[in-house]
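Visitor: Protein chains in written order, with our numbering: chain A, 108 to 201; chain B, 87 to 329; chain C, 122 to 448.
So that we are looking at the same thing, I have put the structure below in structure tokens.
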Amino acid sequence: MVSETPLWEVFIRPRNGLAHKHVGSIHAADEVMAVQAARDVYTRRGEGTSIWVVRSADIVASDPAQAGENFEPTADKIYRHPTFYEIPEDVGHM
Amino acid sequence: MALWEAVLELADDHLVLGHRVSEWCGHAPMLEEDLAMPNMALDLIGTARTLYDHAGALEGAGRDENRLAYFRDERAYVNCLLVERPNGDFAQTMLRQLYFAAFMEPYWRQALHSSDAVIAGVAGKAVKEMAYHIRHAGEWVIRLGDGTEESARRMQSAVRALHGYTGELFEAGADAGGVLPDRAALRGDWDRVIGEVFAEAGLRQPDGVPMQSGGRRGLHGEGLGHLLAEMQSLARAHPGAVW
Amino acid sequence: MYSQGLIGADGRTDEAPEFLEAFQKRIDAEEKIEPMDAMPEGYRRTLIRQIGQHAHSEIVGMLPEGNWITRAPSLKRKAALLAKVQDEGGHGLYLYAAAETLGVSRDQMTEELLSGKAKYSSIFNYPTLSWADIGTIGWLVDGAAIMNQIPLCRCSFGPYARAMIRVCKEESFHQRQGYEIVMTLARGTPEQKAMAQDSLNRWWWPSLMMFGPHDAESQHSDQNMKWKIKRFSNDELRQKFIDATVPQAQFLGLSVPDPDLTWNEEKGGYDHGPIDWDEFWRVVKGGGVMNRDRIEARQKAWDDGAWVREAALAHAEKRRARKLAAE
Chain A
108 MVSETPLWEV
118 FIRPRNGLAH
128 KHVGSIHAAD
138 EVMAVQAARD
148 VYTRRGEGTS
158 IWVVRSADIV
168 ASDPAQAGEN
178 FEPTADKIYR
188 HPTFYEIPED
198 VGHM
Chain B
87 MALWEAVLEL
97 ADDHLVLGHR
107 VSEWCGHAPM
117 LEEDLAMPNM
127 ALDLIGTART
137 LYDHAGALEG
147 AGRDENRLAY
157 FRDERAYVNC
167 LLVERPNGDF
177 AQTMLRQLYF
187 AAFMEPYWRQ
197 ALHSSDAVIA
207 GVAGKAVKEM
217 AYHIRHAGEW
227 VIRLGDGTEE
237 SARRMQSAVR
247 ALHGYTGELF
257 EAGADAGGVL
267 PDRAALRGDW
277 DRVIGEVFAE
287 AGLRQPDGVP
297 MQSGGRRGLH
307 GEGLGHLLAE
317 MQSLARAHPG
327 AVW
Chain C
122 MYSQGLIGAD
132 GRTDEAPEFL
142 EAFQKRIDAE
152 EKIEPMDAMP
162 EGYRRTLIRQ
172 IGQHAHSEIV
182 GMLPEGNWIT
192 RAPSLKRKAA
202 LLAKVQDEGG
212 HGLYLYAAAE
222 TLGVSRDQMT
232 EELLSGKAKY
242 SSIFNYPTLS
252 WADIGTIGWL
262 VDGAAIMNQI
272 PLCRCSFGPY
282 ARAMIRVCKE
292 ESFHQRQGYE
302 IVMTLARGTP
312 EQKAMAQDSL
322 NRWWWPSLMM
332 FGPHDAESQH
342 SDQNMKWKIK
352 RFSNDELRQK
362 FIDATVPQAQ
372 FLGLSVPDPD
382 LTWNEEKGGY
392 DHGPIDWDEF
402 WRVVKGGGVM
412 NRDRIEARQK
422 AWDDGAWVRE
432 AALAHAEKRR
442 ARKLAAE
């Protein structure tokens with residue numbers, strides 16, 4: 108049996124000025140074919156001006172089991188948000 | 087005035103090749119190619135439609151795109167022989183695409199400056215499409231030529247099967263009175279692109295293959311008649327109907 | 122969708138009642154579940170089964186419509202049909218990718234389709250016998266699919282919901298494309314109108330069957346609703362479809378082939394005649410006229426493409442080696 112064609116994640120910049128955004132995945136044997144496949148699959152309706160592809164296997168993700176220790180400690184640091192500070196309305200927009 | 091006939095040649099090239107490529111839809115070697123090939127077919131059919139309309143207008147006999155596409159027999163079709171070649175395997179389809187696109191890309195580049203505004207307009211769009219077809223098909227030809235033993239054998243046999251139809255690309259057809267590019271002058275560009283791809287793919291241009299010709303005079307192989315019989319069957323069964 | 126690491130991994134979870142309860146709480150709070158999150162094995166299995174089946178339906182669905190690409194009666198129709206069939210392939214691709222986040226590969230799913238282990242929508246086991254069928258499929262089959270798919274955009278599993286949002290956005294032209302074809306035929310020559318009516322006669326009942334068995338007989342419904350993989354019952358969606366479609370047929374001057382079809386003022390919807398579930402099960406189980414041909418066509422594309430996929434991988438390996446040698 109033929110071994111499987113690798114999976115790639117596709118990121119597209121919808122137009123200049125915006126960041127590349129994850130849009131989905133494709134299979135391709137190498138990076139050149141991956142960009143071509145991403146173009147043919149994900150930009151059929153003028154959705155993009157630039158494509159990034161990265162091998163799915165190369166993505167390092169945070170562990171969902173550590174989501175608590177990773178992301179919850181910031182919840183009580185409300186002084187990082189502008190609404191924490193009281194400025195009289197007369198001062199105007201700040 | 088033979089300009090309309092020269093435009094018709096171009097339109098037939100694009101429709102017949104677009105039709106051939108569309109035959110793959112749903113049967114490609116991998117899903118990604120099931121999406122890529124219709125993109126190419128749609129580029130070609132789109133160009134054909136504009137060209138048919140233009141040919142019909144230049145002819146002035148009231149024939150629109152569908153009249154021209156669906157109600158002419160094979161002897162009246164003036165496409166080159168390369169585009170009507172059957173799909174064969176994926177190697178043949180990709181090579182046919184590369185041969186055609188490597189010819190049309192410099193053609194449209196020249197046509198950007200055509201005195202005919204419709205032609206210049208088509209060229210602006212088509213030149214980019216053909217550049218992408220060269221890349222897409224070229225990358226596949228490289229991979230198949232320099233892939234496995236089997237793929238290299240299939241690729242080289244595709245070269246043998248199709249090479250004899252490349253000479254006709256550069257032959258003059260109906261006289262366009264200088265409005266369309268001179269085909270013979272595009273040889274250098276074509277040779278360069280094919281040479282680069284073949285070098286990377288490890289493919290050889292075969293020697294001593296006799297060159298076929300005749301498409302521009304309506305002298306085709308037997309495959310075109312079947313293609314047209316299928317394509318035109320419904321439209322011809324209901325002449326005058328609107329779809 | 123980044124869970125390549127999951128492929129082949131053992132997805133077993135500790136399904137203690139507390140775990141299931143906590144999971145259900147997340148679902149009830151409309152939280153999306155993402156691929157790496159802990160989830161009950163049954164939830165994962167159900168999604169793989171459903172997304173796979175959905176993807177296979179898109180892929181097999183390319184065949185009946187593809188049957189008319191080379192015979193489309195005008196260049197405009199040819200281009201639109203080609204674009205539509207291509208979209209179906211794209212939808213299959215997005216959906217396979219969504220399922221792949223759950224630890225199953227596209228190749229595995231393909232093999233299950235080819236071996237007959239995985240199912241696909243039974244509607245595609247009916248043949249397209251006239252150009253009108255291309256219109257009717259867009260109108261009825263895509264119409265029925267949209268009824269099913271719009272609620273799936275809110276499915277609890279993130280990758281599936283995201284894929285469906287993209288699918289629904291792209292599908293919006295499909296049904297209109299189909300209805301326009303049927304409308305043109307219905308307003309055309311007597312032969313064209315007859316073609317449209319014959320097509321509606323053949324596709325109406327299979328379209329109603331697309332929503333699946335009656336709620337009372339549907340074995341997977343309850344748990345799927347609870348997990349928000351499914352949001353409306355089969356019968357609810359079928360009713361919605363009938364109520365939307367009957368006036369569209371009337372507008373065209375075509376008659377719906379159901380002598381029992383009557384407007385029920387009280388429920389504000391149509392009552393319809395009995396669905397032939399024997400036929401439904403016969404076709405699901407492989408007895409439809411096209412079942413064998415559909416799988417054979419997919420098998421042939423898969424087999425004929427093997428040397429191409431193999432060559433691409435071999436070339437990629439050579440490129441890697443050359444790059445390393447050059448460094």
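Each residue gets a CB set at the ideal place from its N, CA and C atoms; glycine is no exception.
This one's a predicted model, so the numbers in the text were calculated from it and none came from an experiment.
Measure from the C-beta of His129/A to each C-beta in chain B and report whether the shortest distance is under 8 Å.
Guide: Your numbering for residue 129/A matches position 22 in the first sequence. Output row for His129/A: interface = no.
Visitor: Give the residues of chain C in contact with Pro171/A, contact being defined as C-beta atoms less than 8 Å apart.
Guide: On the first sequence, residue 171/A is found 64 positions in, with the first residue counted as 1. Result: Glu155, Met157, Asp158, Ala159.
Visitor: Once the 5 residues before and after Phe256/B are set aside, which same chain residues still bring their CB inside 6 Å of it?
Guide: Within the second sequence, the letter at position 170 stands for residue 256/B. For Phe256/B, where only same-chain residues beyond five positions count, the Cβ hits under 6 Å are Arg269, Ala270, Arg273.
Visitor: Ser243/C and Val410/C - do their beta-carbons sit closer together than 8 Å?
Guide: What you label residue 410/C is simply residue 289 of the third sequence in a count that begins at 1. What you label residue 243/C is simply residue 122 of the third sequence in a count that begins at 1. Not in contact: Val410/C and Ser243/C (Cβ atoms no closer than 8 Å).
Visitor: Roughly how many angstroms lie between the CA atoms of Leu358/C and Gln344/C, to the nearest whole one?
Guide: Residue 358/C sits at position 237 when you count from the first residue of the third sequence. Residue 344/C sits at position 223 when you count from the first residue of the third sequence. Looking at the backbone, the Cα of Leu358/C and that of Gln344/C are separated by about 18 Å.
Visitor: Using a beta-carbon distance below 8 Å, is Leu184/B in contact with chain C?
Guide: Locating residue 184/B in the second sequence gives position 98, where the first residue counts as 1. Not one chain C Cβ lies under 8 Å of Leu184/B.
Visitor: Measuring only the C-alpha atoms, how far is Asp158/C from Ser277/C?
Guide: Taking the first residue of the third sequence as 1, we reach residue 158/C at position 37. Taking the first residue of the third sequence as 1, we reach residue 277/C at position 156. Taking the straight line joining both Cα atoms gives about 12 Å.
Visitor: Hey, how far is the Cα of Gly299/C from the Cα of Asn173/B?
Guide: Taking the first residue of the third sequence as 1, we reach residue 299/C at position 178. Taking the first residue of the second sequence as 1, we reach residue 173/B at position 87. Roughly 29 Å between the two C-alpha positions.
Visitor: Counting only C-beta atoms, is Ala141/A closer than 8 Å to chain C at any point?
Guide: As a working note, residue 141/A is residue 34 in the first sequence. Interface annotation, Ala141/A: not in contact with chain C, CB-CB separation never under 8 Å.
Visitor: Are the CB atoms of Leu184/C and Tyr281/C within a distance shorter than 8 Å?
Guide: Locating residue 281/C in the third sequence gives position 160, counting from the first residue. Locating residue 184/C in the third sequence gives position 63, counting from the first residue. Contact flag unset, no.
Visitor: Output needed in chain order: residues of the segment 262–282 of chain C with a Cβ under 7 Å from some Cβ in chain A.
Guide: none
Visitor: Assuming Leu373/C and Met304/C are in contact, meaning their beta carbons sit under 8 Å apart, how far apart are those beta carbons, in whole angstroms?
Guide: Mapped onto the third sequence, residue 373/C falls at position 252. Mapped onto the third sequence, residue 304/C falls at position 183. At roughly 6 Å, the Cβ-Cβ gap stays under 8 Å, so Leu373/C and Met304/C are in contact.
Visitor: By the 8 Å beta-carbon criterion, what residues does the segment 211–243 of chain C contribute toward chain A?
Guide: Gly211, Leu214, Tyr215, Ala218, Glu221, Ser226, Arg227, Asp228
Visitor: Checking contacts by CB at 8 Å: is Ile119/A closer than that to chain B?
Guide: On the first sequence, residue 119/A is found 12 positions in, with the first residue counted as 1. Output row for Ile119/A: interface = no.
Visitor: Ends of the alpha helix (DSSP H) at Val148/A?
Guide: Residue mapping note: residue 148/A aligns to position 41 of the first sequence, counting from 1. Here the alpha helix (DSSP H) through Val148/A covers 138–149.
Visitor: For Ser339/C and Gly279/C, what's the separation of their Cα atoms in angstroms?
Guide: Counting from one through the third sequence, the residue named residue 339/C turns up at place 218. Counting from one through the third sequence, the residue named residue 279/C turns up at place 158. Straight-line Cα distance between these residues: approximately 25 Å.
Visitor: Do Ser108/B and Ile255/C have their C-beta atoms within less than 8 Å of each other?
Guide: Indexing the second sequence from 1 puts residue 108/B at position 22. Indexing the third sequence from 1 puts residue 255/C at position 134. For Ser108/B and Ile255/C, no; Cβs fall outside 8 Å.
Visitor: Taking 8 Å as the cut-off, does the segment 129–148 of chain B touch the segment 273–284 of chain B (at least 3 CB pairs, one atom from each stretch)?
Guide: no
Visitor: In terms of alpha-carbon separation, which member of Gly124/A, Asp183/A, Phe191/A, Met140/A lies closest to Val161/A?
Guide: Translated into positions along the first sequence, residue 161/A becomes position 54. Measuring from the Cα of Val161/A, the nearest candidate turns out to be Met140/A.
Visitor: Closer than 7 Å, Cβ to Cβ, to anything on chain C: give me those residues from the segment 201–216 of chain B, in chain order.
Guide: none
Visitor: Express the C-alpha separation of Ala435/C and Ala442/C in angstroms, rounding to a whole number.
Guide: Mapped onto the third sequence, residue 442/C falls at position 321. Mapped onto the third sequence, residue 435/C falls at position 314. C-alpha separation (whole angstroms): 11 Å.
Visitor: Quick one: is Glu160/B buried, meaning 16 or more other Cβ sit within 10 Å of its Cβ, or exposed?
Guide: Looking up residue 160/B in the second sequence gives position 74. Under this definition Glu160/B is a buried residue.
Visitor: Please name the residue in Met297/B, Met116/B, Pro292/B, Gly259/B whose C-alpha comes closest to that of Glu91/B.
Guide: Mapped onto the second sequence, residue 91/B falls at position 5. Looking at the Cα atoms, Gly259/B is the closest of the given residues.
Visitor: With burial defined as no fewer than 16 other Cβ atoms inside 10 Å of the residue's Cβ, what is the status of Phe157/B: buried or exposed?
Guide: Within the second sequence, the letter at position 71 stands for residue 157/B. Flag for Phe157/B reads exposed.
Visitor: Taking 8 Å as the threshold, find out whether the segment 345–356 of chain C comes into contact with the segment 408–424 of chain C through three or more Cβ pairs.
Guide: no
Visitor: Below 7 Å CB to CB, which residues in the same chain sit around Ala193/C once its five sequence neighbours on both sides are set aside?
Guide: Position 72 of the third sequence, counted from the start, is the residue given in the question as residue 193/C. These residues qualify, in order along the chain: Lys199, Leu202.
Visitor: Ordered along the chain, which non-local residues of its own chain (more than five positions away) have a Cβ less than 7 Å from that of Phe189/B?
Guide: Counted from its first residue, the second sequence places residue 189/B at position 103. Result list for Phe189/B: Leu255, Leu272, Trp276, in chain order.
Visitor: With distances taken Cα to Cα, identify the nearest neighbour of Arg269/C among Ala219/C, Leu329/C, Asp414/C, Ile154/C.
Guide: Here residue 269/C corresponds to residue number 148 of the third sequence, with the count starting at 1. It should be noted that the sequence gives Asn, not Arg, for residue 269/C. Ranking Ala219/C, Leu329/C, Asp414/C, Ile154/C by Cα distance to Asn269/C puts Leu329/C first.
Visitor: Buried or exposed: Phe191/A, going by 16 or more other Cβ atoms within 10 Å of its Cβ?
Guide: Locating residue 191/A in the first sequence gives position 84, where the first residue counts as 1. Exposed, by the Cβ-count rule.
Visitor: Consult DSSP for Arg441/C and reduce its assignment to one of helix, strand or coil.
Guide: Here the question's residue 441/C lines up with position 320 in the third sequence. Correct three-state label for Arg441/C: helix.
Visitor: Could you tell me which residues DSSP puts in a beta bridge with Trp115/A?
Guide: Here residue 115/A refers to the residue found at position 8 of the first sequence. DSSP output for Trp115/A lists Ile133/A, Arg162/A as bridge partner(s).
Visitor: Tell me the rounded alpha-carbon separation between Glu154/A and Val148/A.
Guide: In the first sequence, residue 154/A corresponds to position 47, counting from 1. In the first sequence, residue 148/A corresponds to position 41, counting from 1. Cα to Cα, the separation comes out at about 11 Å.
Visitor: Between which two residues does the beta strand (DSSP E) containing Thr383/C stretch?
Guide: Position 262 of the third sequence, counted from the start, is the residue given in the question as residue 383/C. That run of the beta strand (DSSP E) goes 383–385.
Visitor: Does any residue of chain B bring its CB to less than 8 Å from the CB of Glu291/C?
Guide: Within the third sequence, residue 291/C is the residue found at index 170, counting from 1. For Glu291/C, the answer is no, since every Cβ of chain B falls outside 8 Å of its Cβ.
Visitor: Run through DSSP, which three-state label would Asp425/C get?
Guide: The count along the third sequence starts at 1 and reaches residue 425/C at position 304. In the structure shown, Asp425/C sits in a helix (DSSP, three-state: H, G or I).
Visitor: Tell me whether Ser354/C sits in a helix, a strand or coil according to DSSP, three-state version.
Guide: What you label residue 354/C is simply residue 233 of the third sequence in a count that begins at 1. In this structure, Ser354/C counts as coil in the three-state DSSP scheme.
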